[in-house]
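Q: Submitted below is the structure of interest, expressed as structure tokens.
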Amino acid sequence: MTTGMIDIDDTALAFTDTGGPGIPVVYLNGQFATQGYWRRVIADLGPGFRHITYDERGRGRKSGTSADYSFETVVRDIDVVLTDRGVDRALLVGWSYGAYAAAYWASRNPERTIGAVLVDGAMPYDWLDEVTEERIRTLFRRLRWISPVLRPFGLMPRLTAAQQAESNIELGRIGEEKTLGPVLDAITVPTRYVIASGASFGSRGDEQERIRANLDTVTTRNPNITIHAKVTSNHGAILRKDHAAIAAAVREIAR
């Protein structure tokens with residue numbers, strides 16, 4: 029196993045690479061999550077795969093801060109990580125925000141993508157409006173008081189409250205049907221969704237379930253994309269409680 033830092037632009041990303049001859053699996057984290065969230069999925073899959081995890085800019089304990097936290101930078105950083113680790117083709121597994129990054133990268137780089145597992149994310153839906161934008165900004169302003177306590181443990185990013193809010197709002201824009209729909213339609217590699225149930229932090233009512241229901245239009249248009257499983261855990265608990273379903277989706281693509 030190798031751990032270290034990958035220099036990118038004005039920052040550096042902390043990574044872990046188990047090495048070995050198995051299929052390389054690259055894990056893409058939730059928006060403000062860290063690579064440690066994947067430990068149960070990795071344990072399920074075992075040493076037959078090569079597992080590569082990393083913390084995005086300003087996330088975790090070690091990855092450096094940056095002047096650029098845009099989604100496009102997150103997608104471009106995947107290229108740099110793969111090049112640094114000497115990986116030509118990889119199987120991408122992304123949760124939440126990471127699922128969007130996996131979908132965009134797989135759509136643009138089919139020759140370098142074995143397949144993708146999208147965990148409760150990258151579901152096209154027009155949920156962003158002016159009221160929701162203000163709700164997001166208010167939420168992160170409130171969270172800024174607890175952030176300094178959690179940051180030393182890698183539980184909160186080193187982005188400011190305003191940067192976190194803008195990142196979340198940008199996610200709403202790239203997830204709109206008119207934007208994300210064509211990205212998913214263009215995917216030509218095997219892609220599997222593992223979706224959660226119920227609400228998630230920051231959502232209201234059945235908002236999350238309505239977003240998930242919209243996946244039927246995605247799978248109808250593109251036969252390369254299917255829903256592997258809908259599990260009982262919610263968005264925040266899916267990696268912890270339903271890691272076996274995610275691992276099964278990875279194995280299905282690997283076969």
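Numbering (my numbering), first residue to last: 29 to 283.
Even glycine gets a Cβ: it sits at the ideal position worked out from N, Cα and C.
#1: Helix, strand or coil for Phe43, going by three-state DSSP, please let me know.
#2: Taking the Cβ atom as the reference point for each residue, do Asp35 and Ala95 lie within a distance shorter than 8 Å?
#3: For the alpha helix (DSSP H) holding Phe99, just list the boundary residues, first then last.
#4: Ile164 by DSSP, collapsed to three states: which one?
#5: At the level of alpha carbons, what is the spacing between Pro49 and Leu110?
#6: Around the Cβ of Met151, are there at least 16 other Cβ atoms within 10 angstroms (buried) or fewer (exposed)?
#7: Let me know the beta strand (DSSP E) ranges lying completely inside the stretch 244-268, each 3 residues or longer, listed in chain order.
#8: Which residues in the same chain have their Cβ closer than 6 Å to the Cβ of Gln192, if we skip the five residues on either side of it in sequence?
#9: Inspect the beta-carbon positions of Leu187 and Gly86 and report whether they are closer than 8 Å.
#10: For the alpha helix (DSSP H) that Asp72 lies in, which residues bound it at each end?
#11: Mapping DSSP to helix, strand and coil, what is Thr207?
#12: Based on the DSSP output, what are the partners of Asp35 in its beta bridges?
#13: Just to confirm my understanding: we take Asn196, look at its own chain, exclude 5 residues before and 5 after, and list those with CB closer than 6 Å. What are they?
#14: Do Val145 and Ile51 have their beta-carbon atoms positioned less than 8 Å apart in this structure?
#15: Name the two residues that bound the continuous alpha helix (DSSP H) containing Gly226.
#16: Can you grab the Cα-Cα spacing for the pair Ala227 / Ala127, in whole Å?
#17: With distance defined between alpha-carbon atoms, name the residue in Met184, Gly203, Ala272 nearest to Glu84.
#18: Verify whether the separation of the beta carbon atoms of Ile70 and Val54 is less than 8 Å.
#19: Less than 8 Å between the C-beta atoms of Ser124 and Gly200, yes or no?
#20: Ile174: buried (16+ other C-beta within 10 angstroms of its C-beta) or exposed?
#21: For the beta strand (DSSP E) containing Leu119, list its first residue and its last residue.
A: Checking against the coordinates, here is how it stands:
#1: strand
#2: no
#3: 99-112
#4: helix
#5: The alpha-carbon atoms of Pro49 and Leu110 are separated by roughly 15 Å.
#6: buried
#7: 253-258
#8: Phe168.
#9: yes
#10: 67-73
#11: Under the three-state reduction of DSSP, Thr207 is assigned to helix.
#12: Ala40
#13: Ile164
#14: no
#15: Run containing Gly226: none; DSSP gives neither H nor E here.
#16: 18 Å
#17: Relative to Glu84, the option among Met184, Gly203, Ala272 whose CA is nearest is Met184.
#18: no
#19: In this structure, Ser124 lies away from Gly200, with their beta-carbon atoms at least 8 Å apart.
#20: Per the 10 Å Cβ criterion, exposed.
#21: 118-123
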